[in-house]
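Asker: Sequence order for the protein chains is P and H. Letter 624 of the first sequence, counting from 1, is numbered 624 in my numbering, and no numbers are missing. So the number in my numbering is just where the residue sits in the second sequence, counting from 1, plus 1000.
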Amino acid sequence: MSTLSYKKFEDSDSGVLPDKMTVFQDCLQAFNASPVQAKRCRMLLARLLRLLYSGDSFPSTESTTLFFSISKLFQHKDVSLRQMVYLTIKELSKTSEDVLMVTSSIMKDAQNGDITYKPNAIRTLARVLDASTVNATERLFKNSVVDKNQSISSAALISSYHMLPVAKDVVKRWTNETQGTISASKVFLTSPVANHEQYGSQNLSSFIYQYHALGLLYHLRNHDKMALMKMIQSLSSNNVLKHPAALVQLTHYIAKVLETDSSLAGNFESYFEIALQNRSDMVALEAVKTIVTIPALSGLIVKAIYVLDTFLSAPRTVVRFAAVRLLNKISLTNPENIVVCNGSLEGLINDSNRAISTYAITTLLKTGNNDNVDRLIKTIAGFMDDISDEFKIVVIDSIRSLSLKFPEKHKSMLSFLNDRLREEGGFNLKNSIIEAIFDVIKFVPESRESCLEKLCEFIEDCEFTELAVRILHLLGNEGPKTSKPTLYIRHIYNRVVLENSIVRSSAVIALSKFALIGDASINKSISILLTRCLNDVDDEVRDRAALALKLLSTEKFDEARAFIDPGFSYSLPILEQKLAQYVNGDEESFNVPFDGSNIPKISEDEARAYEYKEKLNSIEESIQKESKQPKEEVSEFAKHNLLQQQYAQELSSIPELAAYGDLLRSSHVVDLTEKETEFVVTCVKHIFAGHIVLQFNVENTLTDLQLDNVTMVSEPDFEEFVEDFVAPIESLKPQTTGSTYVSFTRSETLEGCLFTNNLTYIAKEVDPATGEAAEGDEGFEDEYRVESVDIVPGDFIVPSFAGNFTSVWDSLPNPCSSVFNLSDAKGIADVVAKLIKDSSMSPCDSSELVGSHASHTLKLFGKSINNENIAAVIRFVYKESVGVMVKVEAKSVNAELGTFFANEIIV
Amino acid sequence: MTTDVSLYTVDSVIILDNTGNRVLVKYSNPPHAPEDSDSLAQRPKQQVQFEKSLFQKTHKVNGDIVLFENKTVVYKEFSDVVIYIVGGLNENECFLFNVLQGLVGALEIVLKYSIDKKTIQENYDMVSLAVDETIDDGIVLETDPSVIAARVSKAPTEENSIKIDLSEEGLFNAFKFARSRVADRLQQGF
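Here it is, written out as structure tokens:
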């Protein structure tokens, strides 16, 4: 207990929050008393604030009553009571009515008050004024802004800033005074009542008013680009600004200017060079932040990174954190720039702040490139002994994404993972290592045999049943594809002899899969092994062995194969949904067995393409996840699936479409109007085997107009497309959304087409009272032109995964190429992102990450709706004078598709 | 990334005790800004949730800074209280930390170097003034601890409210007061 609390007498219950009603009554009583007891009142105000700052609030009427009684305290002259009164008024002004009534008292204090509470009065003024009353305070504000006392000046500037949204025109009148304040020198005056025992000099200015003046001035000058520019330039070249916060703010403004006009970068280079050397770390940090985000300042990036490097060894946690966070951001786009910091980053891996060490590890691994990955992994292996399991998992995850990025380096990574696997560790760690190895096998096919070998060794001595089961499953799937499958059979059978029943039963299943190779001698030995399992003590193992033997001996070998190794998987979210429906249905539905045929099946390649995409992204997310709320995690893949399912259901409700067969592909949603027009129209293109259906979603945003018989008149510019039918929206009430469909027969070939669209409808006025159109209203016909819809190559393609892009590319026939020049493109990264979305293909070899501003190569792989492979190599060159130049090369099994892709992908 | 040019830097100042309960919590709510229903300032229930999970994440972890639910949070732990300053994700981390240091330094001066729950509660007037002198609804008012502390007035010391003023003005005031009282009584007809 401190000496301060020792003196108090009536705070025996200080741990408990004071009762709301008691405080309310006490306040009313004390504030209306005569004469007012200053000390008691201040204590009561503090209690009131304590209630408010603990989240309590008073209803409007009580708040107003309080407000009114507090205004009585203006009669008392005590300055320390008055300061407290202002704080309370400020807090209550949000919930009270009639706050204007204290304006005159406040104005009086703001003009002639004691310096202790004068700044408080000025700051409170902003809460009670509104757009109409602010006029009367012009003189007061002008005088206060130029006041020699920095507290008064700052208070006036901040109040003006708060008033900006409602009274910008009035505030503008003291632009000149604000401008003068930036360079004025002011003093800080202390009042006698606030004399705390402390060290340090008094009456020295802290220059914070420069920050406030600059902040206000920017908004006042915002409309006048020239004046703003002049201000920023003069402030950046002379040494007027002293306060670091003001310099940080100025750096923000410069960044804003450079965002819109990068040609001005040269003017500010010297400013940034000086800012990087600033004594205050926040100024240097802000300068670095700006340099790395604004491409035009890339000339300074080496110096900026040098500053970050020194920050990494700073004693203050916050500085280290900011630096490593920034480096992590740079590493996502330009990892080669920050290799110089690797030494310092390695030093941070054991930092006491968890976030810093996580950032350091992931950043380090991001800097890996083909040349230094091996060394990097060695370095990391060196300190693996010092860190906790939890951290090892972070490292393993980063290694995992690294191995996807650099498939050719899988050897060193595998040996790293293998070493970890042999060390002591808990289940979670081992699990993440196993996951990592699984991924390597999946996405780096050439690593398969060495991976499997490592895993086999691991299960020889594995204490975790769950992991052993997963590995056995994997061995069963991958083992038969290798050159020496018999090797694995031995390992698997060892499990049958040595392990518990759960592992034994999964080993039996794994064994049976080797029968698929079709080699008679292998089949024979497997049969022998399985027969032995028939005598197992556990019935599950016996059952599985019997089933496997039955399948092996069957005549119809293909049927057995489909059963053991289906080659596709069901879309799990939809399967779950259907099963739930089935289970929750009434008794009659149980008479029919569950129908699994209409659940979409996903081939392995498709599933891998999505999985690969998610895996690559996951590491970036894992860092952000720390800062984000745990959201409902629906993977992109599942979302995509559900959407397709939803479309399929909607379409199946239209009888005419029943004959079209399965929906092959639906495009993403294309906007045909601006978002804020009367009718918002979007379009989804559905491709069927012989047809194409355009779904137009129309939203009627009007409140007084109903649309009847809404149809879209779509005219193709290509006569091969023949319109089949139109499904109109019968009636579209105000502020509702509906869908109309137009169906065309398409030619078998994959070709583009442009549809010009006209929305036609009968408009009827709606009575706002009933929400219904008048009875006899015939309405009038009208039409509404929307943008046209283009059938693009992407509409015929689904993303797919290629483990080895180069070999796939070399194997495909029918090369075709074309060149485009996009003069208005902002940069390569934008074009790449758009192309990936438009083409709906999956980027390979992590080519979706754009490393340099000048040139880039994007590799895409996908499958057409007819299951034909298509691959594309797209090269970009960026020059400021000409924009982005693009060369598209496409190869496809289907020559038409390749040509179509190369010619039409960029529109 | 759009650069932020606003002066509204701090989203909230939060002081919690060692069980995660509120001691002083102030969410910035600029007086004339358009209401943003997404911001925590407008949603008291989410505020408590936010504080609870923030406390869980930072309790006994002397990290100084953490990114939490799309916010940058700088904090300092004392014997039985934690002081947090919450800002946007793109705020300058060092600036936010300077603000925190300013507030903490000022509290140290004002509370005579004993920052703990009991002292804060018993000097709530000075603590809330110090917070108010550091941050004015999101705008950083001052970061220098001694300047902030010097703006915080102490509670009035004397309670003897009846001071007899024997100057000419004082006597005149007393006479005026008496006259008004008598006039009141007369009007009420005794």
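Here a beta-carbon is modelled for each residue, glycine too, at the ideal position from N, C-alpha and C.
1. Just to confirm, is the Cβ distance from V292/P to L326/P under 8 Å?
2. Report yes or no: is there a C-beta of chain H within less than 8 Å of the C-beta of I158/P?
3. Below 8 Å on the Cβ atoms is my guess for V395/P versus I361/P; work out the distance and round it to an integer in Å.
4. Of all the CB atoms in chain P, is at least one closer than 8 Å to the CB of I1135/H?
5. For E621/P, count neighbouring Cβ atoms within 10 angstroms of its own Cβ and tell me buried if that reaches 16, exposed if not.
6. For A213/P, count neighbouring Cβ atoms within 10 angstroms of its own Cβ and tell me buried if that reaches 16, exposed if not.
7. Following the continuous beta strand (DSSP E) through M885/P, name the residue where it begins and the one where it ends.
8. Please check if any C-beta of chain P sits within less than 8 Å of the C-beta of F1078/H.
9. Less than 8 Å separating the beta-carbons of V884/P and V831/P?
10. In its own chain, which residues sit with a C-beta less than 7 Å from the C-beta of P480/P, not counting the 5 before and 5 after it?
11. I need the straight-line Cα distance from L549/P to L487/P, nearest angstrom please.
12. Which residue's Cα is closest to the Cα of L125/P: T103/P, R50/P, K142/P, Q111/P?
13. What does Q1047/H touch in chain P if you count any residue whose Cβ is under 8 Å from its own?
14. Pull up the distance between the alpha-carbon of K72/P and that of I89/P, whole angstroms please.
15. Output needed for D78/P: all residues of its chain with C-beta closer than 6 Å, excluding positions within five of it in sequence on either side, in chain order.
16. Give the secondary structure of M841/P by DSSP, where H, G and I count as helix, E and B as strand, and everything else as coil.
17. Could you tell me which residues DSSP pairs with E435/P in its beta bridges?
18. Given 8 Å as the limit, is there contact between the segment 146–165 of chain P and the segment 1009–1018 of chain H, that is, 3 or more CB pairs closer than that?
19. For my contact list, H709/P and E730/P are in at a C-beta cut-off of 8 Å; report their separation, rounded to the angstrom.
20. Within the chosen definition, does the segment 344–359 of chain P reach the segment 1063–1081 of chain H through at least 3 CB pairs nearer than 8 Å?
21. So the beta strand (DSSP E) F755/P belongs to, where does it begin and stop?
22. Are there three or more Cβ pairs, one per stretch, closer than 8 Å when the segment 738–755 of chain P is compared with the segment 784–791 of chain P?
23. Mind pulling the chain H residues with CB within less than 9 Å of T317/P?
24. In this structure, what does DSSP give as the bridge partners for R785/P?
25. Please identify, using Cβ separations under 8 Å, the residues of the segment 843–862 of chain P that lie next to chain H, in order along the chain.
26. Using 8 Å as the limit for Cβ to Cβ distance, is R490/P near chain H?
27. In whole angstroms, what separates the C-alpha of F590/P from that of E868/P?
28. When DSSP labels each residue in this structure, what does R928/P get in the three-state scheme?
29. Please classify Q1042/H: is it buried, with 16 or more other beta-carbons within 10 angstroms of its beta-carbon, or exposed?
30. Is the distance from the Cβ of S739/P to the Cβ of N697/P below 8 Å?
31. Tell me the rounded alpha-carbon separation between V134/P and F67/P.
32. With respect to the beta strand (DSSP E) encompassing F721/P, which residues constitute its N-terminal and C-terminal limits?
33. Does the Cβ of K409/P have 16 or more other Cβ atoms within 10 Å, making it buried, or fewer, making it exposed?
34. Using 8 Å as the threshold, is the segment 310–324 of chain P in touch with the segment 1120–1128 of chain H, meaning 3 or more CB pairs across them?
35. Would you tell me roughly how many angstroms separate the C-alpha atoms of L529/P and Y493/P, rounded to the nearest one?
36. Can you tell me the Cα-Cα spacing of R42/P and D26/P, whole angstroms?
Answerer: Reading it off the structure:
1. yes
2. yes
3. 6 Å
4. no
5. Confidence in E621/P is poor, its pLDDT being 46 and thus under 50, which makes the residue's placement too unreliable to answer from.
6. buried
7. 883–892
8. no
9. yes
10. K513, F514, L516, I517
11. 21 Å
12. T103/P
13. G55
14. 12 Å
15. A38
16. coil
17. None; E435/P has no bridge partner.
18. no
19. Rather than His, the amino acid found at residue 709/P in this sequence is Asn. The Cβ separation is near 7 Å, so the contact holds.
20. yes
21. 753–765
22. yes
23. N1062, G1063, D1064, I1065, F1097
24. N758/P
25. none
26. no
27. 40 Å
28. Examination of residue 928/P is not possible in this model, given that chain P is present from 1 through 907 alone.
29. exposed
30. yes
31. 21 Å
32. Here F721/P belongs to no beta strand (DSSP E), and DSSP marks it neither H nor E.
33. buried
34. no
35. 8 Å
36. 12 Å
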